[in-house]
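Q:
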Amino acid sequence: MNFLSFWQKAPVTWETPPAVPKGHRLYAVGDVHGHDDLLAELLGKIEDDIASRAGAKVTLIFLGDLIDRGPKSAQVVERLRTYHPLGVRVEFLSGNHEEVLLRILNGEGDLLGDWLRFGGVQCVRSYGLSSSALAKMPVDKAIDKLRSAIPKEHQAFLASFGDTFRAGDYLFVHAGIRPGVPLGEQAQSDLRWIRGPFLDHPGRHEAMVVHGHTIRMEVEEGPGRIGIDTGAYVHGVLTAIGLEGDQRWYLQAGEPAPHGRKRHR
Numbered sequence: 138m139n140f141l142s143f144w145q146k147a148p149v150t151w152e153t154p155p156a157v158p159k160g161h162r163l164y165a166v167g168d169v170h171g172h173d174d175l176l177a178e179l180l181g182k183i184e185d186d187i188a189s190r191a192g193a194k195v196t197l198i199f200l201g202d203l204i205d206r207g208p209k210s211a212q213v214v215e216r217l218r219t220y221h222p223l224g225v226r227v228e229f230l231s232g233n234h235e236e237v238l239l240r241i242l243n244g245e246g247d248l249l250g251d252w253l254r255f256g257g258v259q260c261v262r263s264y265g266l267s268s269s270a271l272a273k274m275p276v277d278k279a280i281d282k283l284r285s286a287i288p289k290e291h292q293a294f295l296a297s298f299g300d301t302f303r304a305g306d307y308l309f310v311h312a313g314i315r316p317g318v319p320l321g322e323q324a325q326s327d328l329r330w331i332r333g334p335f336l337d338h339p340g341r342h343e344a345m346v347v348h349g350h351t352i353r354m355e356v357e358e359g360p361g362r363i364g365i366d367t368g369a370y371v372h373g374v375l376t377a378i379g380l381e382g383d384q385r386w387y388l389q390a391g392e393p394a395p396h397g398r399k400r401h402r
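The sequence shown runs 138 to 402 under my numbering.
1. Where does residue 240 sit, in a helix, a strand or coil, going by DSSP?
2. Does the separation of the CB atoms of residue 192 and residue 230 fall below 8 Å?
3. Where residue 278 and residue 237 are concerned, what is the direct C-alpha to C-alpha distance, given to the nearest angstrom?
4. With distance defined between alpha-carbon atoms, name the residue in 346, 199, 336, 337 nearest to residue 320.
5. If we require 3 or more residues per run, which beta strand (DSSP E) segments fall completely within the stretch 147–198?
6. Can you tell which of 257, 252, 227, 305 has its C-alpha closest to the C-alpha of residue 210?
7. Just checking, does the stretch 236–250 make contact with the stretch 179–189 on the three C-beta pairs under 8 Å criterion?
8. If you draw a straight line from the alpha carbon of residue 342 to that of residue 325, how long is it in whole angstroms?
9. Tell me the start and end of each unbroken beta strand (DSSP E) in the stretch 367–393 that is at least 3 residues and wholly inside, in chain order.
10. Give me the Cα-Cα distance between residue 296 and residue 239, rounded to the nearest whole angstrom.
11. Which stretch, first to last residue, makes up the beta strand (DSSP E) that contains residue 363?
12. Indicate the three-state DSSP secondary structure (helix, strand or coil) for residue 245 in the structure shown.
13. At 4 residues or longer, and completely inside the stretch 270–296: list those alpha helix (DSSP H) runs for me, N to C.
14. Start and end of the beta strand (DSSP E) containing residue 305?
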């Protein structure tokens with residue numbers, strides 16, 4: 138498990154609102170899922186927001202699931218792999234979708250069918266492959282095709298992602314944490330996959346957890362967590378949270394899709 142951490146404090150007492158360290162500002166972006174159009178729009182809004190709030194060191198965190206489901210995974214990866222805004226520290230966390238693709242590329246062919254059914258079809262198309270042809274190949278040949286189609290730079294970029302990022306009273310993670318388990322002892326599988334035990338937990342944690350992974354129509358704030366996956370591929374909205382001191386605000390790209398319909402299927 139790659140546990141990135143800086144500006145750590147003692148466990149949050151919650152006598153005051155959670156805060157980031159003085160002189161710093163953070164932004165975190167929810168699940169992009171191959172929607173390069175929404176990503177480009179949101180990055181523009183974040184850059185404008187940074188310019189309007191001078192005087193802080195800025196960190197931008199992506200909460201994982203950059204790929205799959207939407208039509209332009211390859212374009213999203215290339216945009217962010219080469220994204221180096223002046224004066225901004227950029228951090229990437231791994232989601233369950235990055236995990237599965239990397240495991241397939243490392244030879245776990247038994248995951249290929251499920252991955253294609255749960256968003257991989259759109260991903261392979263963005264890299265110029267036919268998903269139907271891939272599904273008919275022997276697994277070893279299909280994996281070789283994927284390895285050849287996805288640039289080595291993209292594979293290395295995805296493999297470089299961390300699992301958590303801590304800043305002051307906030308912990309950033311893709312899916313969530315296991316309640317009651319110390320932050321430094323969390324299982325990687327929970328950080329990338331957990332839902333029910335984390336989402337249903339009514340209390341607080343050692344830190345305020347900012348996460349994606351679970352889609353909601355709107356940002357979901359609870360006593361111990363803030364969920365910012367507003368369903369780019371389902372609802373047509375990509376969300377970022379901004380944090381400075383004990384203040385927080387939200388930036389969004391896109392417009393909600395008509396009820397019951399998905400964007401760009």
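Positions of the beta carbon are idealized from the N, C-alpha and C atoms, including for glycine.
Keep in mind the model is a prediction, meaning the values are calculated, not measured.
A: According to the structure data:
1. helix
2. no
3. 18 Å
4. 346
5. 161–166
6. 257
7. no
8. 17 Å
9. 375–381, 384–390
10. 7 Å
11. 362–364
12. coil
13. 276–286, 289–296
14. 301–305
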